[in-house]
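Have a look at the structure below before the remarks.
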Amino acid sequence: MVKKAKKVVKKAVAEPDTSAAVMAKVRKSAKQITTSSTAEYFAKNLQQVGFSSPVKAVLTTVKEALDNSLDACEDAGILPEIKLYVEKLGPGTMKNTDQIRIMVEDNGPGIEPDDVAKVFGEYLASSKFGRGRCSRGQQGIGISAATTWAMQTTATGAQVVTKTKGARKAFRCVVDMDLKHNKGLLRDKSTIDWARPHGTSIEFKLDGRIQLNGEGGILNYIRSTVLLNPHMTLHYEISDVPAASIERVVNTVPVVPQATEPHPHTMKLGEFMSHARLFGRIKTSVWLKRGFSRVSDKTLNDLVTKKGLKKKVLDSFVDALPDADFKALFAAIQDVELLPPATTSVLSVGEDGLALSIRRLGDIDFFAVLSRKPVICDFKPVQVEVAIARLRERRGEDNEEQVQVLRFANRVPLQFDKAACAIVKALTSVNWRSYGLKQPRNALPLGPYIVAVSVVSPFIKFKNASKETIDASDELVEELRRALMQTGQRLSRYLSREHKADELEQRVQHIEQFGPILVDTLGRILGASEERKQLATAGLAKILEKDTKGMKKDLAAAEGRLASYLEEKKSRLAGFFEGLEQEDQASVVDSEAAAPTAKVSKGKR
Amino acid sequence: MAKSPQVTRRTAKKQSEIISLGTELCERMLADLERAKRPVLTATKCSLDNSLYNPKVGFLTPGSKKVSSELNVSSVKKMSRAIFMLEILLRNVEISNINTKRELYYVAKGLVKHESKLRPLDFQDQDESDSVIDFICEMMEAYREELNCVADDRGGQTYSKQLVVQETELDGNVSTIDLSTLGTAPYQPKNRPQNLVLSAREPIDFCLIIESQGTANTLVANGFTKRHKCILIGAQGVPSNAVRAWVRRIQEQLRVPLYFFGDLDAYTMQNIYRTLKAGSAASLIRNSDFCAPEVKFLGVLPEDIAKYDLVDYAVKESDLQEGRALKKARDALSNDPFFKDKKNKELKAILDWLVKNKRRCEQQSFISVDPRDPQMMEKIIIEKIKNGNYID
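Protein sequence lines, in the order shown, are assigned to chains A and B.
Just so we're aligned, residue 1 is where the first sequence starts under the working numbering, counting upward by one.
Just so we're aligned, residue 1001 is where the second sequence starts under the working numbering, counting upward by one.
Here it is, written out as structure tokens:
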């Protein structure tokens, strides 16, 4: 831009007659360099945060509102009970869209009226940003983007009703956005009577299109959310789908672990120096021990004795430390040996919760669940959980479709950009054939299975701002692979027994089919008597009976392995079996620990 | 390599023999079943690793390797299908009915269609029924023609002004065909040339088998058979059973020198000429009647390229077909008992030369010696025969 201005000035010198006009142009172009607010940026780039199509606009809005509700309930220790309404109101203002009303209502702690504008009308206003916790929302972008989309497409803001505990009346208002200043504006404020003791309701009218089925469909999103939130009760009414309720299967609220202090090896120099400024006037040694995880007295000693850091750097006040000392300290601490970051900050659903929850996805034939211990991948704590279930209703159709993959990042379903995701890369790299599943080369396995994979970490590396794809780093993919392979081994106990039984049945059928034909044909060629044929038939049966003996033995062995696995599973998933016993003991015993039909109670509300 | 070069010349099986062989086999199987003993079907292994070559015999013969199939859960389907097909074939032999493999496939399909209990035997495609027929032939050590299963009459169009053929038909009728009365039309040998009796109206000097049917036609049209007392046959590529048995018939009944004239390339050498002269590994049990060990390789010979300044080509290994032929030639040099035998060292040398130099020269290139002379090819062929410029 400056170069361009210089060129224009040169031209002005060469042509003195028009110099005044040229100088005016230069001044004008200098004026064009402006700054924009965050809200203006996102308003122009909504596709980056999940609003790239009418279908995605609806799904992202539902997702952001539901995530906020779940996070709010968990933070307040409340078992979430959420209502979701999605309906078509008429044609939209944009081409090929409908006007959609989306409403999400929760029983969360409610929002103080003063905070409503920030929550729904301001970008990057978040209580969780950079805190290193495994919450669903992190940056405070999603719900504000939904408000922006509603304003842009229907010129309406977000209608909010909220009530905090103890308040007599609920606060109602419409939130608009002042994009220029990234501020929420409240209008039509009033207080109303609301039957709920506390909670929040958010409603948008926006242009979009409702997609119910398929990977990017709302119903798939609901199934996914239900799976990873066993403590949630959800009532939903979506377009033409009959209203339904999915009851919670766990009665405890997951406690999101507090964040641990940052690990020095995960920081850059600038971050390191900025971090110091948060602590005011304390000694450097104290700052290092308080402000970071895995820094001990021994570490401080090593910095001086092994890495040659001057002792006086550690004894100085951190706010007065010169840049050169900061650099020396940073270089030394990067070089010193430290324990890897702690894994206590990750939150898992747990095998019991997954086992109970997976039954809500449909008529499950059998399943295997696995919660890996938290590990460090790319210097960040990560926990991987996997649930694989076979759907009874789709079995036996010689199903050659790919398995249904449900991906989760911090318990939020990921529904787009599947191919580049770390989870899918790990899934396709596992040899599922060895566990009894069909799988084309370098592709997802086939069959009537749901494979749910959850990655939980306070610092998930997403590939884009809309958080649709987890970056496939080698360490994470390897951890995912291990989890998938372990789950595959558990699944193979069922499949191995089943394959052996199928094989035996096929062989018996084979004998029954071909045996009589062989004897009949031989008898016909030879003109043999009925007596001879009967004798031969009996002989043939004896011969082939011997052949199936070995297979029966194999089947018995596979059944034995499955039985001992089920015993082990019973003790491992004690919570799951207790839950089942309370619900329906008879069906559990009958199903060899497999799950009975999901109990999705349906009915018009 | 398999051992035991014990060879006995096989005589064609009569209908009654075939029927008794089939019923014996079935009797053995039924008796085994009655005693709850697993029946075993055994067949000669027809592959190169079970091929023997004895220059005194002159063709590839089977070694001692056998393929056995014992009745068990896995093989019960194969055995049921084999016995089902055997019943069809034996019935054909009994009533003197003839079918091609394709027709037998449809016969089997038809029987299955009309009898629901046979449905499990249904053949999905012809390959399945073909392999069952081949297995039966190998098991009974019978030619498929002896089981009245004949192939398409491909190749072997024959021209001669001296040859007389007497054919005994299945119903006993005898027909006599004097080839000199056919003008420029060829005589087409049938798939069962064993029923033919050959004689010559006057002494025949030689029999020339030409790889290309088109070239054979050209020579006849230009008066080759008028000028020479000979039999001229167009092989039409890889010789079919009919061609192989027909040439064998000529060798045995007329005792005339036989010459093969074809391209100089690896495919011709091992797939066409070797099959005509010594039979093939796939037809080990029938080579004794389906090859002519006395046939000589007239050319094109490698030295002909220089001698006649012939147009030749480089073989591109990147070409799928040519590349495959070269690979097969390399395999043949190390595994084929025909080329490994010292009697055929000159043929091996040609194959070596082809593999090493990667050149090929087509039979028609003789025309290029003097393109204005329509009899150029004929002159060179006769000159080569007279001068003994061929490989025995």
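Think of the CB as a built atom: it goes at the ideal place given N, C-alpha and C, for glycine as much as any other residue.
C-alpha gap between residue i and residue j, whole angstroms
i: Q1124 of chain B; j: Y1106 of chain B; result: 11 Å
i: A443 of chain A; j: K425 of chain A; result: 9 Å
i: L526 of chain A; j: S1180 of chain B; result: 50 Å
i: K44 of chain A; j: Q489 of chain A; result: 48 Å
i: E1169 of chain B; j: S1175 of chain B; result: 8 Å
i: H198 of chain A; j: S245 of chain A; result: 21 Å
i: L185 of chain A; j: T153 of chain A; result: 18 Å
i: V175 of chain A; j: E122 of chain A; result: 10 Å
i: V226 of chain A; j: L1320 of chain B; result: 57 Å
i: S1334 of chain B; j: K1342 of chain B; result: 13 Å
i: S1064 of chain B; j: V1112 of chain B; result: 37 Å
i: A528 of chain A; j: I1088 of chain B; result: 17 Å
i: A1015 of chain B; j: A536 of chain A; result: It is Gln, not Ala, that sits at residue 1015 of chain B in the sequence shown. Going by the C-alpha atoms only, they are around 28 Å apart.
i: P1374 of chain B; j: A1332 of chain B; result: 37 Å
i: D352 of chain A; j: S564 of chain A; result: 19 Å
i: S285 of chain A; j: P340 of chain A; result: 20 Å
Three-state secondary structure assigned by DSSP to residue i
i: D554 of chain A; result: helix
i: I282 of chain A; result: coil
i: F1123 of chain B; result: coil
i: K1379 of chain B; result: helix
i: Y1273 of chain B; result: helix
i: P91 of chain A; result: strand
i: F1338 of chain B; result: helix
i: E1252 of chain B; result: helix
i: Q1194 of chain B; result: helix
i: E1322 of chain B; result: helix
i: C421 of chain A; result: coil
i: P381 of chain A; result: strand
i: H235 of chain A; result: strand
i: Y1105 of chain B; result: helix
i: S496 of chain A; result: helix
i: C1230 of chain B; result: strand
i: Y267 of chain A; result: In the sequence as presented, Tyr is not what sits at residue 267 of chain A; that position holds Met. Coil, per DSSP.
i: E561 of chain A; result: Residue identity check: residue 561 of chain A is Arg in the sequence provided, not Glu. Here R561 of chain A sits in helix by DSSP.
i: A536 of chain A; result: helix
i: L446 of chain A; result: strand
Under 7 Å between C-beta atoms of residue i and residue j
i: M1140 of chain B; j: L1041 of chain B; result: no
i: N1287 of chain B; j: F1059 of chain B; result: yes
i: A65 of chain A; j: F120 of chain A; result: no
i: P448 of chain A; j: W432 of chain A; result: no
i: C1137 of chain B; j: A1282 of chain B; result: no
i: A1233 of chain B; j: T1158 of chain B; result: At residue 1233 of chain B the sequence reads Ile, which differs from the Ala that was named. The answer is yes: Cβ separation under 7 Å.
i: M1376 of chain B; j: D1370 of chain B; result: yes
i: D1153 of chain B; j: Q1194 of chain B; result: no
i: L1284 of chain B; j: P1055 of chain B; result: no
i: V1300 of chain B; j: R1330 of chain B; result: no
Reference residue i, options the options, closest by Cα
i: V62 of chain A; options: A:Q99, A:M103 and A:R294; result: A:M103
i: N229 of chain A; options: A:I202, A:L491, A:L356 and A:F279; result: A:L356
i: S201 of chain A; options: A:E105, A:L234 and A:V375; result: A:E105
i: A243 of chain A; options: A:G291, A:V250, A:L84 and A:L540; result: A:L84
i: Q622 of chain A; options: A:W149, A:I78, A:P109 and A:R407; result: Here chain A covers residues 1 to 605 and nothing more, so residue 622 of chain A does not appear.
i: L522 of chain A; options: B:R1028, B:V1369 and B:S1334; result: B:R1028
i: L79 of chain A; options: A:I364, A:R372 and A:E247; result: A:E247
i: F416 of chain A; options: A:I33, A:D378, A:K95 and A:S52; result: A:S52
i: R168 of chain A; options: A:N96, A:L562 and A:T191; result: A:T191
i: E203 of chain A; options: A:M151, A:V249, A:L219 and A:T164; result: A:M151
(request) Mind the definition here: the region 382-394 of chain A touches the region 204-218 of chain A only if three or more C-beta pairs lie below 8 Å; say whether that holds. (result) no
(message) Whether or not the region 1280-1296 of chain B and the region 1250-1260 of chain B are in contact is what I'm after, with contact meaning three or more pairs of Cβ atoms, one per stretch, closer than 8 Å; do they touch?
(response) yes
(request) Report yes or no: do the region 1113-1129 of chain B and the region 1025-1039 of chain B share at least 3 C-beta pairs separated by less than 8 Å? (result) no
(request) Count the CB pairs spanning the region 1214-1230 of chain B and the region 1148-1156 of chain B that are closer than 8 Å, and state whether there are at least three. (result) no
(message) Could you check whether the region 1295-1315 of chain B touches the region 1263-1279 of chain B, counting it as contact only if at least three pairs of C-beta atoms, one from each stretch, sit closer than 8 Å?
(response) yes
(message) Quick check: the region 248-266 of chain A against the region 283-301 of chain A, are at least 3 beta-carbon pairs closer than 8 Å?
(response) yes
(message) Within 8 Å, do at least three Cβ pairs link the region 1352-1368 of chain B to the region 1065-1076 of chain B?
(response) no
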